[in-house]
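Report on one structure; see the data block that follows.
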Amino acid sequence: MIKYSEQAVQDSLPPNDVRPLIDETDHRILEVLAVEARIPNNALALRVGIAPSTCLSRVRSLLELGVIKGFHADIDPEAVGRPLQAMIAVRLQADSRDAIHSFSRNLAEMPQVQNVFFIAGGSDFLVHVGVKDTTELREFVVVNLSGNPDVASTETNFIFEHLHVQRV
5 MIKYSEQAVQ DSLPPNDVRP LIDETDHRIL EVLAVEARIP NNALALRVGI
55 APSTCLSRVR SLLELGVIKG FHADIDPEAV GRPLQAMIAV RLQADSRDAI
105 HSFSRNLAEM PQVQNVFFIA GGSDFLVHVG VKDTTELREF VVVNLSGNPD
155 VASTETNFIF EHLHVQRV
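What follows is the structure, given as structure tokens:
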């Protein structure tokens, strides 16, 4: 079950920020769900070695606390017409720092965008896109990124292979 640590609060967290600590049973639940999100509760309880009612209450608690953010399907991009995947590094103009939030929100609404990462380093964002071909990729970069006055530069890298690691 989720436990709150007063020591963690005292050592490293702001006074009003009490974060849940995951015990070994919760961790085992999360490990199974990371690989098999659709596993029935009875099967999950059996794999973890706890009663089904206990398992259900722990999963609900993990959901309520935001430890589990959702259950997702792993979709093959090629099967949905987006076989070409790319990571695009984007650097904003120095005077566009106020646009960071709106820029990332606008990107997230575009159908080609799979993920948006706000990062530190030479770039401000990494944008994972899925498109049908190089023509669509070029159009996406030219229209949505290079054509945006807030964007200083982009660098596009093709993804040859994506190994999706499912772990806690």
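Throughout, this note's numbering is defined as the position within the sequence shown, counted from one, plus 4. Virtual Cβ for every residue (Gly too), placed ideally from N, Cα, C.
Exposure of residue i, with buried meaning 16 or more beta-carbon neighbours within 10 Å
i: Asn148; result: buried
i: Ala49; result: buried
i: Ile92; result: buried
i: Gln116; result: buried
i: Asp27; result: exposed
i: Leu96; result: buried
i: Ser150; result: exposed
i: Asp30; result: buried
i: Ile79; result: exposed
i: Phe129; result: buried
i: Val39; result: exposed
i: His169; result: Per the sequence presented here, residue 169 reads as Val, with His not at that position. Val169 should be labelled exposed.
i: Ser57; result: exposed
i: Ser61; result: exposed
Boundaries of the alpha helix (DSSP H) in which residue i is found, first to last residue
i: Arg95; result: No alpha helix (DSSP H) contains Arg95, which is instead part of the beta strand (DSSP E) from Leu88 to Leu96.
i: Ser61; result: Pro56 to Glu68
i: Val52; result: Asn45 to Val52
i: Arg171; result: Run containing Arg171: none; DSSP gives neither H nor E here.
i: Ala112; result: Ile104 to Ala112
i: Leu149; result: Run containing Leu149: none; DSSP gives neither H nor E here.
Option nearest residue i by Cα separation, candidates the options
i: Phe162; options: Val172, Ala112 and Val145; result: Val145
i: Arg142; options: Ala77, Glu159 and Asp154; result: Glu159
i: His166; options: Glu140, Glu82 and Pro56; result: Glu82
i: Phe75; options: Cys59, Gly53, Ala112 and Leu34; result: Leu34
i: Glu140; options: Met114, Pro153 and Thr58; result: Met114
i: Ile43; options: Phe164, Ala77 and Leu25; result: Ala77
i: Leu25; options: Gly53, Ala41 and Leu69; result: Leu69
Identified DSSP bridge partners for residue i
i: His132; result: Met91 and Asn119
First and last residue of the uninterrupted beta strand (DSSP E) at residue i
i: Phe162; result: Val155 to Ile163
Within-9 angstroms CB hit, residue i to chain B
i: Phe75; result: Looking for chain B here will not work: only one protein chain is present.
Residue i Cβ short of 8 angstroms to the ligand MG heavy atom set
i: Leu96; result: Only the bare structure without any ligand can be found here, which leaves the ligand MG out of the picture.
For this session: Specify whether the segment 78-93 and the segment 126-144 touch according to this definition: at least 3 beta carbon pairs, one from each stretch, less than 8 angstroms apart.
Result: Contact between the segment 78-93 and the segment 126-144 is present: three or more C-beta pairs spanning the two stretches fall below 8 angstroms.
Problem set entry | Stretch-stretch touch, CB-based, cutoff 8 angstroms, three pairs: the segment 122-133 with the segment 88-108 | Here the segment 122-133 lies against the segment 88-108, with 3 or more beta-carbon pairs under 8 angstroms apart.
Exercise. Can we say the segment 94-103 touches the segment 65-73, given the rule of at least three CB pairs closer than 8 angstroms?
Worked result: Touching, no.
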